[in-house]
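First comes the structure, then the notes that go with it.
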Amino acid sequence: MFYQKGNARRVRTPPTMLMRRNFVAEDQLEIKQVYKLLQLVNQKNKEQIQKLVHFGVSGLINLTEPKEGVSALHLASVDNDVELAHFLLSLNAHPDIQDKKGRTAMMLAAKHGNVDMVKFLASRQANLTMVDKEGKGLLFYCISPTGRHEQIMNMVLDMNMDVNSTSYTGKSVFMVACEHAEKCVNLSMLLLERGADPDVADPETGCTALMAAVTAGSVALVLRILSVYSADFNLTAKLGETALHMAASEGHAECCRFLFQRGGNMTKNKLGLLPSEVAMKNGHKAALKELRMAEQTLKTGKLTFFSEARLHDWSFEHKAVLRRAFQSAKAAELPVATVSNETFVSVLQAHHAPIHEESLAVIVSLHDKNRRGKISIGEFFAGCHFLPKNYQLSSYRSAKLKSEDSETSFAETTCNGRSEPVQTHTATDRPQVDVSEGASVNWKAKESYINLNQCVTRDEYELLELAFSQNIPVDTRDRMYKTPLMTACMKGKHQMAQFLISHGAELNSYDQFKWTALHHTCMAGHADIVKLLVDHGAIIDAATTNGVTPLMRAIQSCKPNCVEQLLNAGANVEATNKRGQDCMAIAQLYGTEKICQMVKIVLDKAMKRKSGKKLAPAHPRTQKPTSDKETPKRCMIAMNPDATNYLITFPSATVRGVPTVISSPRLERRLAERKIRFSKEDMMKLSVAKPVRKTRAKKPAKM
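Using our numbering, the letters of the sequence shown map in sequence onto residues 43 to 745.
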């Protein structure tokens with residue numbers, strides 16, 4: 043493994059390691075036996091596994107199925123079943139068998155966070171340097187935001203794994219961790235501490251690890267890469283983008299402000315765009331505001347604090363070391379709060395602080411304005427005397443920055459002269475402290491979340507006891523509406539099912555398809571759990587949305603023991619599903635000859651029982667002579683169930699003697715009279731009206 047240097051950016055050469063040859067089942071017999079072996083591994087049936095491997099085709103234990111290349115050891119590794127994996131290895135299973143993507147059992151265990159399985163496979167001499175088809179090694183599969191994955195990464199790095207391993211595309215594992223820094227910042231820090239190269243770049247895009255961390259928006263990781271490992275943040279990618287361009291394109295305003303305050307160049311890329319123009323083009327207003335303020339600062343020629351900001355970052359990252367140095371310089375048993383000016387300067391120079399002597403003298407004078415000859419250590423770490431407030435790390439509230447002295451518990455003096463405790467915060471798995479100066483670390487861990495179904499799968503009885511003691515319902519469902527009892531029945535965990543039933547698990551609860559725990563047990567074929575559920579009162583003939591009973595599921599899964607248990611318990615063999623199929627029809631479609639014989643015997647007994655019942659002879663009906671008498675009212679009511687013996691009245695058809703409703707016969711009669719009247723008239727004959735004579739008004743007589 044060597045480096046290619048160019049423009050201070052290092053590109054690592056990818057490995058040329060070949061993968062191990064796979065053994066994929068090819069002919070029909072091998073394929074059938076491989077799938078049968080995988081089924082037995084899922085059921086954890088060791089006796090049948092040993093029998094099949096002994097009498098099956100040669101090398102069956104290492105054969106993989108033809109679709110995805112899964113082997114028996116892969117299934118045991120994903121399920122974190124160390125006991126089953128030990129059993130498979132005793133049958134000469136190879137620990138480095140790969141699937142069609144080139145993944146080994148250890149890679150799959152690391153991907154799923156199975157710490158015990160990784161330990162076991164490593165102890166059985168599994169090859170840690172294997173890579174998949176993309177050239178990704180074991181460390182690539184450890185990148186996930188859980189404490190278990192961090193534990194696996196620590197374990198693998200302790201085995202002398204190459205911390206700078208790369209894929210076939212040339213991308214390093216540290217580069218991938220930085221791309222996921224939003225959730226996996228602790229893994230990126232761990233790789234840096236173990237010697238990962240901070241200046242390694244992606245050969246395809248030219249992006250550095252710093253650019254990847256900026257793209258993810260992790261100010262804490264950017265601070266660590268710049269201050270502790272002195273990465274060059276003015277390197278450019280293939281299109282001329284700097285880290286500022288990357289932060290602007292993703293809209294991370296705090297990263298933009300941090301990079302500018304630490305000396306980032308406001309240059310144009312190959313497209314002729316400034317970082318502010320990139321932010322404007324992508325519609326990120328907060329980042330645009332920070333970049334415009336930075337451009338205005340450069341135009342007006344205001345003072346910048348690049349060297350002071352770097353000293354502030356460096357002191358924050360090395361806080362624990364500097365405190366011990368100040369304490370030893372004064373020969374004090376307890377941590378000191380103040381030191382003399384000479385001690386302060388000598389300690390910083392001895393630890394190679396990133397600042398010139400002239401600037402350091404200015405900082406000393408700013409801290410010792412009263413000329414008492416003493417400097418407060420807490421005020422120096424806060425940076426309040428020599429840096430503006432927006433340059434101080436305490437202004438980055440959205441970023442939870444982790445310092446090295448997170449274990450200290452003494453009080454520190456803040457800039458306003460008061461002694462306050464150090465405020466602490468919690469990240470996903472490890473304690474992190476805020477940048478603001480304070481005192482003791484009294485952080486509280488996050489409340490743990492208990493997934494009951496996962497606890498059932500992993501046989502974690504203690505966690506289940508803890509959950510039930512906190513009044514968590516034993517029938518809590520997952521997103522697929524499965525209860526813990528259903529999961530235990532599907533996995534064939536008889537002891538776990540007994541444990542859940544003893545804690546009051548509901549036997550007859552069902553999921554979204556109305557499958558009960560008995561349905562899942564019969565489909566998986568666990569006869570002992572079928573007996574357990576039936577003995578505790580499970581409904582034998584519970585039907586799903588398609589009308590399928592547990593007996594039908596047992597017949598479909600070809601499990602004679604389950605069928606026998608249900609038939610002995612009195613399951614209904616005459617039940618039919620929505621397709622009209624009864625148990626006999628389903629047995630002929632899915633079941634074996636033995637199951638068909640069992641169902642037929644019970645069905646014949648049921649038919650004989652029905653035919654054996656003799657019906658009593660019916661008495662002959664005597665025909666009574668009909669009579670012309672009217673049927674009494676009570677008899678009419680008895681014969682007509684809809685009739686009633688109450689008096690039914692209707693409102694009168696007239697109001698005050700004036701009819702409001704005209705009966706239909708009367709209406710017809712009036713219409714007929716109107717037709718006759720109009721038919722006699724000559725419609726063409728017009729009646730001429732006599733002229734009206736005009737009369738004059740008489741004049742009144744003269745008196």
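Where a beta carbon is used, it is the ideal one built from N, C-alpha and C, also for glycine.
Own chain partners of residue i with C-beta closer than 8 Å, once the 5 adjacent residues on each side are dropped
i: threonine 247; result: Ala279, Lys280
i: methionine 522; result: Asp553, Gln554
i: asparagine 458; result: Residue placement at asparagine 458 cannot be trusted, given a pLDDT of 42 that sits under 50; what the coordinates show is reported in the next sentence. Nothing meets the Cβ criterion.
i: threonine 634; result: Cys600, Pro602
i: glutamate 350; result: Ile397, Ser401, Ile405, Gly425, Phe428, Leu429, Tyr433
i: threonine 380; result: Lys416, Ile417, Ser418, Ile419
i: leucine 94; result: Gln75, Lys78, Leu79, Leu82, Leu102
i: methionine 197; result: Val157, Val160, Lys161, Ala164
i: leucine 608; result: Cys564, Val572, Val576, Ile582, Pro592, Leu593, Ala596
i: glutamine 133; result: The question names glutamine, but residue 133 in the sequence shown is leucine. So the list reads Ile91, Gln92, Val95, Ile103, once near-sequence residues are dropped.
Endpoints, the alpha helix (DSSP H) within which residue i is located
i: lysine 361; result: 361–371
i: lysine 535; result: Neither: lysine 535 is in no alpha helix (DSSP H) and is coded neither H nor E.
i: valine 404; result: 399–409
i: glutamine 434; result: First-last for glutamine 434: undefined, no H or E at that position.
i: tyrosine 503; result: 503–511
i: lysine 347; result: In the sequence as displayed, the identity of residue 347 is phenylalanine instead of lysine. Looking at the DSSP string, phenylalanine 347 is not in any alpha helix (DSSP H), and its letter there is neither H nor E.
i: serine 260; result: First-last for serine 260: undefined, no H or E at that position.
i: cysteine 297; result: 295–303
i: glutamine 167; result: Segment: none, glutamine 167 is in no alpha helix (DSSP H) and carries neither H nor E.
i: serine 132; result: 124–132
i: valine 590; result: Premise fails: valine 590 is in no alpha helix (DSSP H) and is neither H nor E.
i: serine 119; result: 114–120
i: asparagine 228; result: 223–235
i: asparagine 610; result: 602–610
i: lysine 652; result: 635–653
i: glutamate 292; result: 285–292
i: serine 318; result: 317–324
i: phenylalanine 97; result: 88–97
i: proline 328; result: Contrary to the premise, residue 328 reads as alanine rather than proline in this sequence. Residues 327–342.
i: leucine 150; result: 147–153
i: glutamine 193; result: 189–200
Chain-order list of residues whose beta-carbon lies under 7 Å from that of residue i (same chain, five-residue window excluded)
i: asparagine 104; result: Phe65, Ser113, Ala135, His136, Ile139
i: methionine 159; result: Ser119, Asn122, Val124, Ala127, Ala151
i: methionine 288; result: Met253, Val256, Thr257
i: leucine 746; result: The question about residue 746 has no answer, for the chain in this structure spans 43 to 745.
i: arginine 519; result: Thr525
i: valine 218; result: Phe182, Ile185
i: glutamine 90; result: Leu82
i: valine 264; result: Leu252, Ala255, Val256, Cys297, Phe300
i: alanine 542; result: A small correction: the amino acid at residue 542 is leucine; alanine does not occupy that position in the sequence shown. Cβ within range, chain order: Val516, Pro526, Leu527, Ala530.
i: leucine 333; result: Ala290, Cys298, Pro317, Ser318, Ala321
i: alanine 336; result: Phe302, Met308
i: histidine 116; result: Asp141, Ala147, Leu150
i: threonine 586; result: Phe555, Lys556, Trp557, His561
i: leucine 353; result: Ala395, Pro396, Ile397
For residue i: DSSP bridge partner residues
i: aspartate 624; result: Thr618
i: alanine 243; result: Thr250
i: lysine 416; result: Ser382
i: serine 214; result: Thr208
i: threonine 558; result: Tyr552
i: threonine 106; result: Val66
Same chain, Cβ closer than 6 Å to residue i, five either side skipped, listed in chain order
i: alanine 629; result: Ile597, Ile637, Cys638, Val641
i: alanine 329; result: Ala290, Gly293, Ala295, Cys298, Ala321
i: valine 406; result: Asn383
i: glutamate 221; result: Ala254
i: alanine 367; result: Val389
i: leucine 560; result: Leu575, Ala580, Pro592
Any non-hydrogen atom of the ligand FMN within 7 Å of residue i CB
i: valine 572; result: Looking at this structure, you won't find the ligand FMN or any other ligand, since it has none at all.
Three or more C-beta pairs below 8 Å linking the stretch 384–391 and the stretch 423–435: no
The stretch 615–631 contacting the stretch 568–579, beta-carbon criterion three pairs below 8 Å: no
Stretch pair the stretch 309–326 + the stretch 365–379: three plus CB contacts closer than 8 Å: no
Three or more C-beta pairs below 8 Å linking the stretch 559–566 and the stretch 528–548: yes
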